[in-house]
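Engineer: Once you've had a glance at the structure underneath, I'll fire off some questions.
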Amino acid sequence: MKVSSFINGVYVDSEEQRNITSPVTGKLITPYSVATDAQVDEAVQAAKAALKGEWGSMSIQQRVEILYKVADGISARFDDFLEAECLDTGKPYSLARHIDIPRGAANFRVFADTIKNVADEAFHMPTPDGTGALNYTIRKPKGVIGVIGPWNLPLLLMTWKIGPALACGNTVVVKPSEETQLTMTMLGEVMNAAGVPKGVFNTVLGPGSRVGDKLISHPDLDAITFTGSTATGERVAEAASVGLRDASLELGGKNPAIVFADCDMDKAIEGTMRSVFANCGQVCLGTERVYVERPIFDEFVARLKTGAEALKLGKAEDPETTMGPLISASHRDKVLDYYQQAVDAGATVITGGGVPEMAEELKGGNWVEPTIWTGMAEDATPITEEIFGPCCHIAPFDTEDEAIEMANNSPYGLASSVWTENASRAHRVGGQMEVGISWINSWFLRDLRTPFGGAKQSGIGREGGHYSLEFYTELTNVCIKL
Ligand code: NDP
0 MKVSSFINGV YVDSEEQRNI TSPVTGKLIT PYSVATDAQV DEAVQAAKAA LKGEWGSMSI
60 QQRVEILYKV ADGISARFDD FLEAECLDTG KPYSLARHID IPRGAANFRV FADTIKNVAD
120 EAFHMPTPDG TGALNYTIRK PKGVIGVIGP WNLPLLLMTW KIGPALACGN TVVVKPSEET
180 QLTMTMLGEV MNAAGVPKGV FNTVLGPGSR VGDKLISHPD LDAITFTGST ATGERVAEAA
240 SVGLRDASLE LGGKNPAIVF ADCDMDKAIE GTMRSVFANC GQVCLGTERV YVERPIFDEF
300 VARLKTGAEA LKLGKAEDPE TTMGPLISAS HRDKVLDYYQ QAVDAGATVI TGGGVPEMAE
360 ELKGGNWVEP TIWTGMAEDA TPITEEIFGP CCHIAPFDTE DEAIEMANNS PYGLASSVWT
420 ENASRAHRVG GQMEVGISWI NSWFLRDLRT PFGGAKQSGI GREGGHYSLE FYTELTNVCI
480 KL
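The opening position of the sequence shown corresponds to residue 0 in numbering that gives the first Met the number 0, with each subsequent residue numbered one higher.
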């Protein structure tokens with residue numbers, strides 16, 4: 000597969016080639032072409048021109064039909080997308096088959112349905128002469144949207160933004176993470192086959208600090224939608240402020256789980272296993288801090304340890320594999336540094352804490368052990384900073400108020416999980432979580448119509464359902480004096 004930017008309906012090469020390597024083996028997958036500054040500009044200009052072409056004059060129903068075809072196109076090539084996503088990320092097929100690829104297709108269907116069913120508002124008003132006036136709102140596309148996302152759930156997270164952006168009639172220039180560019184590259188073919196007009200969907204490939212920064216600084220972008228770290232989010236917000244462009248920022252987290260003694264222990268263990276270790280801990284919504292009520296603390300720690308030690312690290316295509324590697328060698332170094340800092344901070348390492356012994360052919364991969372700690376002070380760095388690896392710290396608590404205070408004691412506020420069978424407590428505690436998404440007895444249970452986003456340093460704005468429409472459209476109020 001040739002990996003290069005997709006601009007105005009065609010793939011374009013450049014002289015500069017960089018390598019994509021496998022997280023599983025460390026070996027070369029393929030070289031790719033890095034977008035030049037001129038190509039970034041061409042992509043934005045193509046997107047700008049497409050707004051005025053066929054795309055701009057289509058009815059909502061015509062756009063909706065095309066988006067259904069995009070969804071069908073992903074589904075029709077399900078196995079190709081699955082293979083590409085797992086090659087790029089090293090995540091198990093068993094995970095991507097159920098989450099990443101189906102959600103990639105669903106993101107187009109759901110937002111096609113959303114835009115199809117949205118109604119305009121009308122306001123009747125009195126006037127001094129008694130004739131009255133009628134106001135009604137019209138939703139228009141915002142224009143050219145810059146879409147930038149991370150490497151952990153590439154197809155899922157990019158289409159979560161591309162779907163509503165296109166549904167609302169915008170055009171996009173997409174910069175996937177350099178670590179994971181395969182499925183976004185394939186999406187160009189799907190767009191062409193679905194009849195998406197040239198210039199509506201464009202990708203520019205390359206490192207974020209160069210190609211991404213060039214994109215967000217482009218004066219002809221009308222808005223930027225970003226998922227990634229809080230540090231890069233600040234840079235995006237800074238770039239968006241020039242020319243007063245809107246920015247939607249979905250950022251990092253340091254998500255807590257609170258496990259009460261009245262929980263269903265089997266469900267709490269199963270949910271926490273997923274929230275800590277799914278995708279090798281590289282999920283923005285993942286749990287890294289677990290607070291467990293003291294009477295069940297020892298049992299919970301022991302059972303989570305058993306679960307972590309039963310995880311099977313291995314190749315993505317092996318049906319036995321339940322955990323893949325981290326995305327890159329540099330990310331592994333970062334996670335291992337936190338593993339060391341935890342030891343330095345006096346943690347008791349319940350399990351893991353290092354690099355696993357892997358088969359010869361996998362030794363070049365970015366493997367780390369699933370890791371559980373207890374015994375750290377709440378201000379220790381591995382408890383306050385986002386690690387984005389397969390690890391968590393478990394601390395005991397004695398009262399509900401204490402648990403809430405510890406869970407909320409973070410500069411982040413993305414998601415939380417509360418485990419209890421007491422319905423009053425579920426509502427009481429769930430509502431007090433300072434987060435965008437507060438789950439009770441669940442994790443990663445997503446209805447795409449609900450608002451998604453973070454409080455505090457976990458982001459600005461909400462996307463999902465009609466909340467996405469707020470971001471991806473500009474409202475014009477038409478006022479008619481009767
Ligand atoms: P980064 O912020 O490093 O990168 C995110 C994207 O931004 C990548 O495409 C990256 O490109 C690009 N980028 C980097 N620097 C710039 C720049 N100066 N200008 C424009 N683009 C730039 O995040 P990670 O990829 O490391 O992803 C992990 C982070 O994402 C975690 O903090 C995680 O919590 C967060 N996240 C948040 C989610 C949410 O919904 N709230 C969901 C998933 C992840 P490149 O990689 O090529 O350098």
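For every residue, glycine included, the Cβ atom is placed at its ideal position computed from N, Cα and C. Please read these numbers as outputs of a predicted model, since none were measured by experiment.
Where ARG331 and ILE439 are concerned, what is the direct C-alpha to C-alpha distance, given to the nearest angstrom?
Structural biologist: 31 Å
Engineer: Return the Cβ separation of GLY306 and ALA346 in integer angstroms, given the expectation that the two are a contact with Cβ distance under 8 Å.
Structural biologist: Not really, about 19 Å apart at Cβ, beyond 8 Å.
Engineer: Let me make sure I understand the geometry here. Which of LYS139, THR182, GLU298 has the alpha-carbon closest to that of LEU165?
Structural biologist: Residue LYS139 is the option with its Cα nearest to LEU165.
Engineer: Where does the unbroken alpha helix (DSSP H) through CYS85 begin, and where does it stop?
Structural biologist: 77-88 is the extent of the alpha helix (DSSP H) around CYS85.
Engineer: Please list, in chain order, all residues of the same chain as LYS213 whose beta carbon is under 6 Å from its beta carbon, the five residues on each side excluded.
Structural biologist: ASP36, VAL39
Engineer: Taking just the CA atoms, how far does GLY131 sit from GLN281?
Structural biologist: 57 Å
Engineer: Hey, is ILE98 close to the ligand NDP, as in C-beta under 7 Å from one of its heavy atoms?
Structural biologist: no
Engineer: In chain order, what are the residue ranges of uninterrupted beta strand (DSSP E) at least 3 long that sit wholly in the segment 186-237?
Structural biologist: 200-202, 222-226
Engineer: Within 10 Å of its beta-carbon, does ALA309 have 16 or more other beta-carbons around it, so buried, or fewer, so exposed?
Structural biologist: exposed
Engineer: Would you report the Cα separation of PRO369 and ARG293, rounded to the nearest angstrom?
Structural biologist: 24 Å
Engineer: From ALA42, ALA344, LEU303, pick the residue whose C-alpha is nearest to that of PRO381; which is it?
Structural biologist: For the residues ALA42, ALA344, LEU303, the minimum Cα distance to PRO381 belongs to ALA344.
Engineer: DSSP three-state label for GLN281, please.
Structural biologist: coil
Engineer: From ASP221 to VAL143, what distance separates their C-alpha atoms?
Structural biologist: 5 Å
Engineer: Between the alpha carbons of ASP265 and MET272, how many angstroms are there, rounded?
Structural biologist: 11 Å
Engineer: Which of helix, strand or coil does DSSP assign to LEU444?
Structural biologist: LEU444 falls in the coil class under three-state DSSP.
Engineer: Enumerate in chain order the residues of its own chain whose CB-to-CB distance from ASN191 is below 7 Å, with the five nearest sequence positions on each side excluded.
Structural biologist: GLY8
Engineer: Can you have a look at THR449 and say buried or exposed, based on whether 16 or more other CB atoms are within 10 angstroms of its CB?
Structural biologist: exposed
Engineer: Which ranges does the beta strand (DSSP E) cover as unbroken runs of at least 3 residues, wholly within the segment 342-377, from first to last along the chain?
Structural biologist: 347-350, 370-373
Engineer: To the nearest angstrom, report how far apart GLU298 and LEU312 are at their CA atoms.
Structural biologist: 25 Å
Engineer: State buried or exposed for ILE479, treating a residue as buried only when at least 16 other CB atoms are found within 10 Å of its CB.
Structural biologist: exposed
Engineer: In angstroms, rounded to a whole number, what distance separates the CA positions of LEU155 and SER415?
Structural biologist: Rounded to whole angstroms, LEU155 to SER415 spans 21 Å at the Cα level.
Engineer: For the ligand NDP, is there a heavy atom less than 7 Å away from the beta-carbon of ASN191?
Structural biologist: Not one heavy atom of the ligand NDP is found less than 7 Å from the C-beta of ASN191.
Engineer: Looking at chain C, is there any beta carbon in it that lies within less than 8 Å of the beta carbon of TRP438?
Structural biologist: This model lacks chain C altogether; it includes just one protein chain.
Engineer: Would you tell me roughly how many angstroms separate the C-alpha atoms of ILE114 and LEU447, rounded to the nearest one?
Structural biologist: Cα to Cα, the separation comes out at about 13 Å.
Engineer: Should CYS262 be listed as close to the ligand NDP, given that the test is whether its C-beta is under 7 Å from any heavy atom?
Structural biologist: Of the heavy atoms belonging to the ligand NDP, none sits nearer than 7 Å to the Cβ of CYS262.
Engineer: Under a Cβ-count criterion, where at least 16 other Cβ atoms within 10 Å of its own Cβ denotes burial, should ARG102 be classed as buried or exposed?
Structural biologist: buried
Engineer: Mapping the DSSP letters down to three states, classify ILE403 as helix, strand or coil.
Structural biologist: Helix, per DSSP.
Engineer: Where does VAL482 fall in DSSP's three states?
Structural biologist: In the structure displayed, the chain extends from 0 to 481; residue 482 sits before or after that span and is not available.
Engineer: Put ARG461 into one of helix, strand or coil per three-state DSSP.
Structural biologist: coil
Engineer: Could you check what DSSP says for ILE98 in three-state terms: helix, strand or coil?
Structural biologist: coil
Engineer: If ILE147 and GLY227 are in contact, beta carbons under 8 Å, what's the gap, nearest whole angstrom?
Structural biologist: 7 Å
Engineer: Alpha carbon to alpha carbon, what distance is there between GLN431 and GLU14?
Structural biologist: 54 Å
Engineer: Count the other C-beta atoms from every protein chain shown that fall within 10 angstroms of the C-beta of MET322, then say buried if there are 16 or more, exposed otherwise.
Structural biologist: Its Cβ being crowded by 16 or more others within 10 Å, MET322 is buried.
Engineer: Pop quiz: LEU204 and VAL33 are said to be a contact at Cβ under 8 Å. What is the actual Cβ separation, rounded to whole angstroms?
Structural biologist: The pair is a contact, with the Cβ atoms about 6 Å apart (cut-off 8 Å).
Engineer: From the DSSP output, read off the bridge partner residues of SER416.
Structural biologist: ALA256, TRP438
Engineer: Go ahead and pull the three-state DSSP assignment for LYS314.
Structural biologist: coil
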